[in-house]
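Heads up: the structure comes next, in structure tokens.
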Amino acid sequence: MEAKLAIGHSESTAHDELEMLSTPSVDWQSTLDAVLALGPWRGGFSSQNHEILTRRFGLVSGEVETLEAIGRDLGITRERVRQIQAKALRRIQRRIDSVESYGILTSLVREEVVRHSGALGKEDVLALLDVERQSLRYSPDMAIAFMLWVSPLLIELPKTASNRWIVYGSNDDAVQLLAITKRIHEHLRRTGPIERRRLEEQLTNNRIEVSAVSHALATDMATIEVEGYVWLVDSPRWHFVVASLRQIGSPTHFTDITQHVNKRLSAGDWTTERAVHGILSNHEPAVFRRVGPGTFGLAEWGLLAARDSVDLVYQILEAETAWLTPQQITMKARSVGWRAKSQSIIVALDLEDQRPNRRVRRVGSATSTKYGLSWWNDP
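Under this note's numbering, the first residue of the sequence shown is numbered 23, with each subsequent residue one higher.
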């Protein structure tokens, strides 16, 4: 990654930080997306960090928002927003530095693997990394995790094969098939059951051809395909619950969710209503959201089900016959039992405002926003 961010220290002013936007060599959206895509390091970079940076630098709406406006929406002070922003920017800088270092290491290891005719013992890899440690600052464990994550040229075979590293892309078809199958398993463990079309698209982005993915799925006994979704047979049970809710498409009682899950399992693996209720409760609110007695939906629907938020706000505005602020809309939505977060509602409304046939539109500035029906005159 070539982008270098001129990250300010905690005492930097908002003006200084926003000056970085004028640097033509920095693609903020791509940079942030690339950092967040590094799975082994995603921990510690919260959704709040992401939201603050995207709003401060206008990565979604194109409109730079003030510290005060963001703090007001999140219920924190202006100073706290500034502190979170500065810390997140420093973390991005460290990760970009790490990417550059680990990228160099990956190239060195790949050259050594090729020089040793396609295989290199793990101890030899660690020895090579130890030599390079003199000129590069890194953690050997994280370096290996990075290599296995980003480079389809390297895979690590199980202990039965002495943990030897193999060059994916060699003339050995069996090795190539094993590498792709391993990538598919890793991907499914991160995502849970996923539509085959989406799986192929995401793996293609990692430089794996669709035909190779199809061949691996056809020969792999550890994956199954049901109604267009690819499942890993040993997936955690909660992955099946998530996939079932995604297919149902709306909040559902746990008894019906159980029936839906069992349709995808063989008779000997059937789960119980009590077990499914436990999964739903134990992973609430991070994965699931309780929306009524025994009824659960997916937390991700707070953003993905934008139509629901727009429908509700449309009804509220129609009843009030007046332009409303985000705070007023949130209060009225909660008064009728709507549980979505304020920011989720606002994101849905801003997306609606960008549609050609919008029903709700936005007026005002970032600090004095109001929403009304699309055909109303400005307030």
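Note that the Cβ used here is the ideal one computed from N, Cα and C, for glycine as well.
Contact set for residue i: own chain, Cβ-Cβ below 7 Å, skip 5 residues either direction
| i | result |
| --- | --- |
| Ile202 | Ile230, Ala234, Val235, Ala238 |
Straight-line Cα distance separating residue j from residue i
| i | j | result |
| --- | --- | --- |
| His261 | Pro215 | 7 Å |
| Asn71 | Leu148 | 34 Å |
| His209 | Asn304 | 24 Å |
| Gly250 | Glu374 | 30 Å |
| Leu89 | Ser396 | 29 Å |
| Lys354 | Leu371 | 15 Å |
| Ala321 | Leu130 | 42 Å |
| Lys109 | Arg102 | 11 Å |
| Ile367 | Thr293 | 35 Å |
| Ile106 | Arg94 | 15 Å |
| Thr241 | Val332 | 45 Å |
| Arg377 | Asp400 | 18 Å |
| Val313 | Trp323 | 12 Å |
Beta-bridge pairing of residue i - partner residues as DSSP gives them
| i | result |
| --- | --- |
| Ser387 | Ser390 |
| Thr274 | Phe318 |
| Trp253 | Ile246 |
| Val382 | Leu395 |
| Leu346 | Tyr393 |
| Ile216 | Val252 |
Other residues of its chain near residue i: CB distance less than 6 Å, five sequence neighbours each side excluded
| i | result |
| --- | --- |
| Phe310 | Leu302, Phe318 |
| Glu99 | Note that residue 99 is Thr in the sequence shown here, rather than Glu. For Thr99, where only same-chain residues beyond five positions count, the Cβ hits under 6 Å are Gly93. |
Cβ neighbours of residue i in the same chain (closer than 8 Å, five flanking residues each side left out)
| i | result |
| --- | --- |
| Ser272 | Gly319 |
| Leu346 | Ile338, Leu339, Lys354, Lys392, Tyr393, Gly394 |
| Ile279 | Val263, Ser266, Leu267, Ile270, Val298, Leu302, Phe318 |
| Thr277 | Glu295, Gly316 |
Nearest residue (CA-CA) to residue i, options the options
| i | options | result |
| --- | --- | --- |
| Thr352 | Leu111, Gln281, Tyr393 | Tyr393 |
| Thr245 | Val263, Leu221, Asn379 | Leu221 |
| Glu295 | Arg113, His275, Arg312 | His275 |
| Val252 | His282, Arg113, His207 | His207 |
| Val335 | Arg381, Ile74, Arg218 | Arg381 |
| Arg383 | Leu225, Gly316, Pro348 | Pro348 |
| Glu247 | Leu287, Gln350, Pro315, Ser69 | Leu287 |
Buried/exposed call for residue i, threshold 16 Cβ in 10 Å
| i | result |
| --- | --- |
| Gly386 | exposed |
| Arg205 | buried |
| Leu111 | buried |
| Arg64 | Residue placement at Arg64 is flagged as unreliable, the pLDDT there being 46, under the threshold of 50; the coordinate-derived value follows with that caveat. Exposed, by the Cβ-count rule. |
| Leu127 | buried |
| Ser266 | buried |
| Arg219 | exposed |
| Val283 | buried |
| Arg356 | exposed |
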